[in-house]
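To keep things clear, I will list the structure first and then write my remarks on it.
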Amino acid sequence: MKKVLTYGTFDLIHNGHINILRRAKELGDHLTVAISTDEFNAIKGKKAYHSYENRKLILEAIRYVDEVIPENEWEQKIDDVKKHNIDVFVMGDDWEGKFDFLEDYCEVIYLPRTVGISTTKIKTDMQKVNNG
1 MKKVLTYGTF DLIHNGHINI LRRAKELGDH LTVAISTDEF NAIKGKKAYH SYENRKLILE
61 AIRYVDEVIP ENEWEQKIDD VKKHNIDVFV MGDDWEGKFD FLEDYCEVIY LPRTVGISTT
121 KIKTDMQKVN NG
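Here the sequence shown stands for residues 1 to 132, numbered as in the UniProt record's numbering.
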């Protein structure tokens with residue numbers, strides 16, 4: 001069985017998230033998604049709209065996702081790849097080159113992002129609507 005892993009916050013799920021999850025799943029038989037915990041987001045200076053538990057629940061309901069695990073720190077990626085027997089690590093191409101250190105453990109693929117959509121754009125657009 002070929003196992004794939006990706007990481008993200010996955011807040012305010014949109015078509016860009018679905019596209020990367022679908023394309024990641026197409027690269028293997030089993031897709032594990034590591035999502036940033038609320039505590040880790042705070043360290044990164046980010047605040048998700050949905051709690052970790054709600055984001056996990058939403059991701060588990062998406063047909064491409066086989067397993068959801070927590071991302072607690074930047075340094076856990078090598079351990080996650082080893083622990084979950086990962087064959088392919090997938091991230092959006094905005095992270096190009098940032099995870100090449102994993103190539104000693106698995107294949108690393110950077111997928112093109114969906115043009116015109118992001119959680120940041122949704123949040124900005126919602127502020128405009130609310131302030132409009």
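Where is the CB? At the ideal position from N, CA and C, for every residue including glycine. Note that the coordinates shown come from a computational prediction; the quantities given were computed from them, not determined experimentally.
- Cβ-Cβ separation between I35 and V68: approximately 6 Å, consistent with a contact (criterion under 8 Å).
- Bounds of the beta strand (DSSP E) holding K3 are 3 to 8.
- Between D93 and I86, the CB-CB gap reaches or exceeds 9 Å.
- If the five residues before and after T114 are omitted, its C-beta is found closer than 7 Å to the C-beta atoms of N15, G16, N19, all from its own chain and listed in chain order.
- In terms of CA proximity to K77, G8 leads the group H50, K2, G8.
- When C-alpha distances from Y49 are compared across I13, F89, K82, the shortest belongs to I13.
- Just so you know, the alpha carbons of F101 and A61 end up roughly 31 Å apart.
- Residue pairing of V88 in beta bridges, as defined by DSSP: V4, E107.
- The beta carbon of E39 lies closer than 8 Å to those of N72 in the same chain, with the five residues before and after it left out.
- Ranked by how close their Cα comes to the Cα of I117, the residues D11, M1, N41, L5 have D11 in first place.
- Distance between K82 and G28, taken at the CA atoms: about 17 Å.
- Here M91 is not near Y64, since their CB atoms are 9 Å or more apart.
- Residue pairing from DSSP places P70 in a beta bridge opposite I35.
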